[in-house]
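Remarks on the structure that follows.
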Amino acid sequence: MTLDEVLASLFPEGHDVKNDGGVVSGSATLRSGNKALVIGVADRAPLGVDEAIRLSRHVLDSLSEGSGPILVLVDSDSQRMSKRDELLGLNEFLAHLAKTLIYADMNRRPAIGILYGHSAAGALLATGLATRVLVGVPGATPAVMDLPSMSKVTKLSMEALQEKAKSTPVFAPGLSNLSRMGAVHVTWNDAVPLADQLDTLLLNMPDVHDRRDVIGKERGGRMKAAEIAERVRDLALHSQ
Amino acid sequence: MEDLNFQHKARARAGGSRKSAIIGVVASGNLEVLAERVLPDGECRLEIKTAAVGFGDVWQAVVADFVERYSPGGLKFSINDGGARPDTVSLRLAQAVRLIEEDGQ
Amino acid sequence: MLMSIDAETRTTAATWQRHREARDARIEAGSRLARGKIVEARDATRLMEAVIRPGDRVCLEGDNQKQADLLSGALLAVDLAKVHDLHMVQSGVVLPEHLDLFDHGVAKKLDYAYSGPQSARIARMLFGGKIELGAVHTYLELFARYFIDLTPHVALIAAVSADREGNLYTGPNTEDTPTVVEATAFKDGVVIAQVNEIVDRVPRVDIPADRVHFIVKSEKPFFVEPLFTRDPAAITEGQILTAMLAIKGIYAPYGVQRLNHGIGFSTAAIELLLPTFGEKLGLKGKIATHFALNPHPALIPAIEAGWVQQIHSFGSEVGMDDYIRARSDIYFTGPDGSLRSNRAFCQTAGLYACDMFIGSTLQIDLQGNSSTVTTSRIAGFGGAPNMGADARGRRHPSEPWLKAGSEADPDSPAALRRGRKLVVQIGETFGDKNVPLFVEKLDALELAEKLKLELAPIMIYGDDVTHIVTEEGIANLLLCRNAHEREQAIRGVAGYTDVGRRRDRNAVELLRQRGVIRRPEDLGINPLDADRSMLAARSIKDLVRWSGGLYAPPSKFRNW
Amino acid sequence: MTAPIKHGVQFPAERARTTSFNEASARMRLELLLDAGSFLEFIGPEQREVSPHLKIFDLPEQFDDGIVVGRGRLDGAPVLVAAQEGRFMGGAFGEVHGAKLVGLLRAAREIESIPVLILFDTGGVRLQEANAGELAIAEIMRAVMEARTAGVKVIGLIGGRSGCYGGGGLIAGCCSALAVSEPGRIAVSGPEVIETNRGVEEFDSRDRALVWRTMGGKHRRLLGAADVFTDDTVQGFRDAALRLLDVVGPYGLDKLKAEQIRLADRLRSFGACEDAVDIWTAEGIVHAEDVPELPADQFIALADNIGRTSRDAR
């Protein structure tokens, strides 16, 4: 889906969301009549320091003045790979954006990521993965690491990698793989208005507890993460 | 990857009282050795997973010399090997024995 | 009769200076492109076409470190109708252009000494018949032939600066230049120099103007590679152990003061252990005081700690200029303060004035022959065979030389007994990618068969090698009395290589009892003590600190 | 500089002073950083909780999956610690590796009063289990934020050979405070990644001086991205951690707002700079080009004088 299609389907009650060179921001009216903050990245734009600082500002402004959920729409490249961005401390800007989203989510502003296009690496961490619930829209093409790069590093052929990818969701790109890992909570149906599905989600919002590792195990994608984290937690709590 | 296992009789029990010790890291040309005091005093076992396939006879020779020299009775060695050279392997095995024979837990 | 004799004498007299006349004609042709001696860089190829004749012997510098890269590019671009089938006589085949010359047909025949980075391609081209090989030489040997039967018609050299008359300043990397110019200019050849800049007055005259015929100013400084920088961060515990064995088992007992080091990590470890391990053994002032050696950054701590008295160098090393300038007590420097190196003199010094060579190699066979040739790479010899050979012409005595001689030949009367240079091969039993150092048959032999060479490319012959040091111990070949003992001594330090595992355990044990083989424990060294904390510097940054900020390492070696 | 050769047994404090943090293994760093003998590991190597994914790629495993987590004491006070082993697969985050840190941080949130030290040494996500690694990093970022909100101080120590790259850089950005040494590097995209994607004109990864002045410890300190700069010894990092634990205050919205201002100000002040030297010059440093050559003590004095810090603004 395009950004316009996503916005139209999500917010039939209206919105003032703008796409300014790939930086998405604005507000929308939900079916309930409540307002939502909408931010995001569009047009597969890379996420660099200039984009990240604008997005985090929108979130912080909304924390002071607004209410309602925060929707993060994602169709991005990876982080912007440039000398300038790294020189200026891109890691801090991306972390800061993620922190504003996580903080908001922990403080009565539930954050929902809607992955409708591409995303990768640091950009995904700073946006969709910094939310409480990440929704996949059919046709989305997330790729933590693309197979050609992986082929170069592992010195395995593309065919060999694709063959291995059939047996595990752990490394290969794609929405379904991220879903099995527990990263994408739910994949919506693009034949039905997204607004309805958003309503349903908002009514059944999980609590703030990060359960992605448990979901990953339930879906057979990450068999060890939840158990290991729980064991360490337990040992740390009981060794004091 | 290749799995290799060796079982030896040792002349004497390894000194010290520590239950386990670990040394080294798994990287190209390097290895980690985990030593655990879990066997009867006169026995010694090595379980090796190595990235360098086809060096079984070299390992056998290295291990035999090591057991002869250090008599690591009662110890089980578990090894993850990133293709280390025999001299590095010998050194890590010796370091593991030294570590488990130190005072402490 | 008288008439005819007179006529013949005249014609003979005229023909006795044909070379000079030819040289003058070449210079005349080249001068049309020059103002004075100076030729613009854009005319460099036309200069080549004017000065060089088909089939000429050309020395394109081509050293171990510095490269006349502008001139090699210019030569590559010549019109093949004017210049072709050259016979290249140069010590270093280092740049891709050096081999492109043969691919393009500019050059046909090659006599050289060292091919470092081009070792794989030169092997392919030799196999493919692209190059007609004269011979692979050692440096000193090729330099010698410059004066006998490989005298260049044209020399293309590199210098830092020139004045308008043509006096050249080579900078610290003088290297081969004086030798090349001597042979060319005094035997009616033409000398063309590329320089980084033209100045009113050169800082010092390394090459006088009357030996230089043309000057070309290059846009960028000539290429020079930091070949002798070893990052201490990459030195392993195994290399530290072998270095400890060498210091305690060879340097100390022989009292080796005058020596040359190879460029490997094991010798770098030795250099970095002198101020720590060596100090603890009380060896300061007793060993490693005089070197024939490039300015190795790894030697900085030993110099600063007062170990080293004097170093003469083949070439320089990138980043060491300011340090050398500030330590002129140690290095050879000119009136301008910068290093003066000279490969020919330093090679001679290494051959005749040093009591020990210690270096690494790729393969050692059961006789102790060693080679850096593998079937796919021909790296050439460089200088190691001169350093690593007993100088039969040596006549002056010294303690290590006499001691080695008596070990080799205990029964001859002392006054008639030759001494022996200590030639030490140091290395780990397995090299990169678990490739064994010890082999039953050298790849060099296979290569010689394939290329139909009369001589296999042996770096150091077994009968010159006196000691082999590995992490397993030291084999003293001087004490071996026959081929069988020699073979078992080598097998005895070959560790877990096939060669090592096929040793005769009893024979090796007997050799050990005789001190022919000495294990770490025989020398009171516990392999578990071989720890990186023993290195006087563990990083390039540490070397910079030792140098008081005078050493300026190239960017590729930095982690700050 | 390296200390003279050991004579017999050294005391732990002496060893901490002479041991390079950069060179030490993860285990050695913890042993020398914490009070002697105080470290207790959670899920140690003898448990053999290796990555379940490396065998798919026929790659060797490590018994601790490249991270050591546990608890110990620092000057008598309890701390939770995690140390990445940068030499095993570049210290990269995989499923098990990441989950250990997640569990540690979740416990810290519940305990509230015990700080966490993270000894970063990572290239980012482990390629062979990229999805699991990426997600682990997301979970860690969330867990850091929840712990900090609950009052936990989370201190990052950065001086390992693999630096702190990729998602590791983002986690570092979530910490309460960072200590860094000269060899330490913090960034998202590695030099080779930038060069591969954008060309050598954009970034020459072999120009190591460029790498360090763009991503290295000194630059990060001068930018205010790291609060303390230390010489490359384990003792230096121990002292730095103690100092930071002393100054870190409670977390809240004010910090987030201050960080927004801090970063926006950085963009305004230095956004047009082409090179780190331009930034340092703009910060008022005379002879900024000499900064990489400054010894630690002189550099620390200079950085303190510049005064740029992320304190109370991260």
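Order-wise, the sequence lines are chains A, B, C and D.
Quick note on numbering: my numbering labels position 64 of the first sequence as 64, and the sequence is numbered without any gaps.
Quick note on numbering: my numbering labels position 71 of the second sequence as 71, and the sequence is numbered without any gaps.
Quick note on numbering: my numbering labels position 554 of the third sequence as 554, and the sequence is numbered without any gaps.
Quick note on numbering: my numbering labels position 279 of the fourth sequence as 279, and the sequence is numbered without any gaps.
By construction, the Cβ of each residue, glycine as well, lies at the ideal position given by its N, Cα and C atoms.
In the DSSP assignment, find the unbroken alpha helix (DSSP H) run with residue i in it and report its ends.
i, result
"residue 78 (chain B)", "That residue, residue 78 (chain B), is in no alpha helix (DSSP H); its beta strand (DSSP E) goes 75-81."
"residue 402 (chain C)", "399-408"
"residue 270 (chain D)", "253-270"
"residue 62 (chain A)", "49-65"
"residue 19 (chain A)", "Unbroken run through residue 19 (chain A) is the beta strand (DSSP E), 18-20; no alpha helix (DSSP H)."
"residue 300 (chain C)", "300-304"
"residue 312 (chain C)", "Premise fails: residue 312 (chain C) lies in the beta strand (DSSP E), 310-312, not in any alpha helix (DSSP H)."
"residue 513 (chain C)", "505-513"
"residue 60 (chain B)", "56-70"
Could you confirm whether any beta carbon from chain D is found closer than 8 Å to the beta carbon of residue i?
i, result
"residue 559 (chain C)", "yes"
"residue 46 (chain B)", "no"
"residue 210 (chain A)", "yes"
"residue 2 (chain B)", "no"
"residue 82 (chain B)", "yes"
"residue 219 (chain A)", "no"
Could you tell me whether any Cβ in chain B is nearer than 8 Å to the Cβ of residue i?
i, result
"residue 35 (chain D)", "no"
"residue 14 (chain D)", "no"
"residue 561 (chain C)", "Nothing can be reported for residue 561 (chain C), as the shown portion of chain C is limited to 1 through 560."
"residue 45 (chain D)", "yes"
"residue 333 (chain C)", "no"
Pull up the DSSP beta-bridge partners for residue i, would you.
i, result
"residue 88 (chain C)", "C:58 and C:110"
"residue 470 (chain C)", "C:473"
"residue 27 (chain A)", "A:37"
"residue 46 (chain B)", "B:6 and B:77"
"residue 71 (chain A)", "A:38 and A:112"
"residue 185 (chain D)", "D:216"
What is the DSSP secondary structure of residue i, counted as helix, strand or coil?
i, result
"residue 322 (chain D)", "An answer regarding residue 322 (chain D) cannot be provided, because it is not within the stretch 1 to 314 covered by chain D."
"residue 125 (chain D)", "strand"
"residue 548 (chain C)", "coil"
"residue 191 (chain D)", "helix"
"residue 11 (chain A)", "coil"
"residue 310 (chain D)", "coil"
"residue 287 (chain D)", "coil"
"residue 496 (chain C)", "coil"
"residue 13 (chain B)", "strand"
"residue 171 (chain D)", "helix"
"residue 113 (chain A)", "strand"
"residue 271 (chain A)", "Outside the shown range of chain A (1 to 240) lies residue 271 (chain A), about which nothing can therefore be said."
"residue 299 (chain D)", "helix"
"residue 123 (chain A)", "helix"
Name the two residues that bound the continuous beta strand (DSSP E) containing residue i.
i, result
"residue 78 (chain D)", "77-84"
"residue 73 (chain D)", "67-74"
"residue 32 (chain B)", "31-37"
"residue 178 (chain D)", "177-181"
"residue 162 (chain A)", "Run containing residue 162 (chain A): none in the beta strand (DSSP E); it sits in the alpha helix (DSSP H), 158-167."
"residue 291 (chain C)", "290-292"
"residue 229 (chain D)", "228-230"
Step through the CB atoms of chain C and report whether any lies within less than 8 Å of the CB of residue i.
i, result
"residue 88 (chain B)", "yes"
"residue 18 (chain B)", "no"
"residue 280 (chain D)", "no"
Quick check: is the beta carbon of residue i nearer than 8 Å to any beta carbon in chain A?
i, result
"residue 2 (chain D)", "Because residue 2 (chain D) sits at a pLDDT of 42, beneath the cut-off of 50, its placement in the model cannot be relied upon, and the following sentence gives the value as read from the coordinates. For residue 2 (chain D), the answer is no, since every Cβ of chain A falls outside 8 Å of its Cβ."
* To do: Go through the segment 107-161 of chain C residue by residue and report every complete run of the beta strand (DSSP E) that reaches 3 residues or more, in order.
  => 107-112 and 132-136
* To do: Kindly provide the ranges of any beta strand (DSSP E) runs that are 3 or more residues long and lie completely inside the segment 187-273 of chain C, ordered along the chain.
  => 190-198, 214-217 and 258-261
* To do: Could you name each continuous alpha helix (DSSP H) segment of 4 residues or more that falls completely within the segment 327-406 of chain C, going from the start of the chain to the end?
  => 343-352 and 384-387
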